[in-house]
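There are 2 protein chains.
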Amino acid sequence: MTDSDPRIEKTSSIQRAMSILSVVADSELPLRPAEINRTLQLPKPTLHRVCQKLEAEGLLQRSLDGKRLLAGPRFIKMSIGLISNSALRTERSTILRRLAERVGETCNIAVPDGDRMRYIDRYETEWPLRLQLPVGSHVPLHCTASGKLYLSSLTSTQRKRLLKKLSLIPQTKNTFIDPELLAAELKAIRSRKVSVENEEFLYDMLCIAVAITGPRGKLCATLSIHAPKQRMSFEEVSEHIPDLQAAAADFSALIASSGGA
Amino acid sequence: MTDSDPRIEKTSSIQRAMSILSVVADSELPLRPAEINRTLQLPKPTLHRVCQKLEAEGLLQRSLDGKRLLAGPRFIKMSIGLISNSALRTERSTILRRLAERVGETCNIAVPDGDRMRYIDRYETEWPLRLQLPVGSHVPLHCTASGKLYLSSLTSTQRKRLLKKLSLIPQTKNTFIDPELLAAELKAIRSRKVSVENEEFLYDMLCIAVAITGPRGKLCATLSIHAPKQRMSFEEVSEHIPDLQAAAADFSALIASSGGA
DNA sequence: AAAAATAGTGTCAAAATATAGAACGCTGTG
DNA sequence: CACAGCGTTCTATATTTTGACACTATTTTT
Chain P
3 MTDSDPRIEK TSSIQRAMSI LSVVADSELP LRPAEINRTL QLPKPTLHRV CQKLEAEGLL
63 QRSLDGKRLL AGPRFIKMSI GLISNSALRT ERSTILRRLA ERVGETCNIA VPDGDRMRYI
123 DRYETEWPLR LQLPVGSHVP LHCTASGKLY LSSLTSTQRK RLLKKLSLIP QTKNTFIDPE
183 LLAAELKAIR SRKVSVENEE FLYDMLCIAV AITGPRGKLC ATLSIHAPKQ RMSFEEVSEH
243 IPDLQAAAAD FSALIASSGG A
Chain W
3 MTDSDPRIEK TSSIQRAMSI LSVVADSELP LRPAEINRTL QLPKPTLHRV CQKLEAEGLL
63 QRSLDGKRLL AGPRFIKMSI GLISNSALRT ERSTILRRLA ERVGETCNIA VPDGDRMRYI
123 DRYETEWPLR LQLPVGSHVP LHCTASGKLY LSSLTSTQRK RLLKKLSLIP QTKNTFIDPE
183 LLAAELKAIR SRKVSVENEE FLYDMLCIAV AITGPRGKLC ATLSIHAPKQ RMSFEEVSEH
243 IPDLQAAAAD FSALIASSGG A
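Residue numbers (my numbering), protein chains in the order written: chain P, 3 to 263; chain W, 3 to 263.
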């Protein structure tokens, strides 16, 4: 949050709008206009005027009590689009490809998107038997390595509330459908920092996932290896955990260097 | 007085800046300014000026050849921050969506805004016949389930003062235009905790609403189901009251735990 | 390689919008 | 119940934004 721009403090409406959006994006909680202004120190009427404009544009929206502001649908849409397509993309693909080649199986990057995970990038192996999940598709949280990893990264309040809303639909015999067992699994994932999926989403499919972290060490994406059970045993997949973690660290560094710090 | 928002897209510099950012975020490849303008159709000097500003702000950056534009560090940073903090933001839409899916009809959240109610969020069903009330639009207090619920939640002094200002314009044959009948209706709503609207605002439209409460149990928003009479009878809608109340309780918990959502 | 088409830059005066001071009313809090 | 902080409204000022026009540079076509 070192926004010490020694540049000319030229007053531009775009600049003001952007600084407000930045503050909102950086906050974990919805903010009152006055709270936003704590760091910006704009004149009160100015602040409110700009916020109203942003709200009218769908970039911000009001919280339920009508008093706080949070990111609006358009802002969220832009962000997801950006993460999927951004300049990080080429470097990301390189890291991803190297990992996939070393491991010999399909590797994926996914981001949380509402109450599901969304695949934003993938490198596929040449094996004839592959996963049929195109980039852009969504998978549930409760029965995938990535989704469980995301759930395990939340605060306990957030997790409880989100879990309450999820329907734990059984996809296979191994799917966690008992909330308590799932909670225990998430706890284990949290302490182990590695998420494992053992035919919980699709039969014959194994998956392990680790976190790609952004500012403050928060999970902002997941990196995972998928493999059919016929080709790789559980132990064989597990041998690649260090590779996976190394690649995830590379991604985290990439994010930090391109603006995520 | 259905604030039908007849205003056309006003030219605002913020809006222009945002549409440029949207185009860049949606593109997989860096774009030339002229390519951005293909969809936006702005005057040339304007386009370049805004792009320069965005570049100076770190929201866009030039590609290596200096000719194309791509997302800048600050834009990326904002997006990553947003994804990392997305947990709360998505809970609200998740709860709303699940309710709407279970009920099978459009569900809305509205907040009191002066002498009207204002829709701040909605999840629409896929039915061809829908309510044409966009998010952000206003509806009167005296002839809508949400509005009556709000009125019923006020102290008698507040209510009297507000009612005096309202003109009880008849929208349909069922609209309460007699102050005494309305007062009785409000009393009934207060004791029942559920507000019902039976073609009082629009013909063929049914609606039920319950309260989302903030600190000290005060109403701070309403949650409602809207349905055309042709699709759902009064009894069928009423069957969903428990679902509605459960979801409203979730929202209230969300407010309590997160400072607003 | 030359010509034609398209893209980008600079200037400028008019228009419109943003600006921020002061004062006011509301709300929630102690 | 009074106080402090927040949000709102009003207004005069001036600053930024705007886009036509003309010109240069670059890319594409022939």
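Note that the Cβ used here is the ideal one computed from N, Cα and C, for glycine as well. All of these numbers come straight from a predicted model, not from anything done at the bench.
Apart from the 5 residues on each side of it in sequence, R132 of chain W sits with its Cβ closer than 8 Å to the Cβ of T108, E126 in its chain, given in chain order. Against chain W, the CB of T92 of chain P has no partner CB under 8 Å away; the residue lies outside that interface. DSSP, read as helix, strand or coil, puts I179 of chain P in coil. In terms of Cα proximity to N87 of chain W, the closest of P:M80, P:R100, P:T96, P:L72 is P:L72. The alpha-carbon separation between P114 of chain P and E187 of chain P amounts to approximately 19 Å.
Taken in chain order, the whole alpha helix (DSSP H) runs of length 4 or more contained in the region 119 to 169 of chain W are 147 to 155, 158 to 167.
Judged by beta-carbon spacing, V137 of chain P lies within the 8 Å limit of I122 of chain P, meaning their Cβ atoms are closer than that value.
Taking a Cβ-Cβ threshold of 8 Å, none of the residues of chain P is close to N110 of chain W; the smallest such distance is about 12 Å.
Listed in chain order, the beta strand (DSSP E) runs fully inside the region 62 to 100 of chain P are 62 to 64, 71 to 73, counting runs of at least 3 residues.
Annotation: the continuous alpha helix (DSSP H) that includes A248 of chain P extends over 243 to 257.
In this model, S240 of chain P and L183 of chain P are separated by some 22 Å (Cα to Cα).
Judged by DSSP secondary structure, S240 of chain W falls outside any beta strand (DSSP E) and instead within the alpha helix (DSSP H) spanning 236 to 240. In chain order, I214 place their CB closer than 6 Å to the CB of F253 of chain P, counting only its own chain and leaving out the 5 sequence neighbours on each side.
If you look at D28 of chain W, you'll find it in the alpha helix (DSSP H) that goes 15 to 28. Pairwise C-beta distances place the region 39 to 46 of chain P out of contact with the region 216 to 235 of chain W, as fewer than three of them are shorter than 8 Å. Secondary structure note for T224 of chain P: its beta strand (DSSP E) is the uninterrupted segment 221 to 230. Closest option to E59 of chain P, judged by alpha-carbon separation, among P:I78, P:Y152, P:I82: P:I78. Shown here for N110 of chain P: same chain residues with a beta carbon closer than 6 Å to its own, the five before and five after excluded, namely Y121, R124, S226 in chain order. The beta carbon of I85 of chain P sits closer than 7 Å to those of V113, I122, all from its chain and outside the five residues before and after it, given in chain order. Within its own chain, the residues whose Cβ lies closer than 7 Å to the Cβ of V198 of chain W, once the five positions on either side in sequence are excluded, are A147, I210, listed in chain order. For E37 of chain W, the enclosing alpha helix (DSSP H) starts and ends at 35 to 42. Under the DSSP assignment, E199 of chain P falls in the beta strand (DSSP E) whose first and last residues are 197 to 200.
Not a single CB atom of chain P sits nearer than 8 Å to the CB of T41 of chain W. For the region 65 to 87 of chain W, the set of residues with a beta-carbon nearer than 8 Å to any beta-carbon of chain P comprises L72, A73, G74, P75, R76, F77, I78, K79, M80, S81, I82, G83, L84, I85, S86, N87, in chain order.
Straight-line spacing of the CA atoms in A251 of chain W and D117 of chain P works out to 19 Å.
The alpha carbon of A249 of chain W has as its nearest neighbour, out of W:V212, W:E238, W:H228, W:Q160, the alpha carbon of W:V212.
Shown here, I191 of chain P sits in a helix according to DSSP, grouped into three states.
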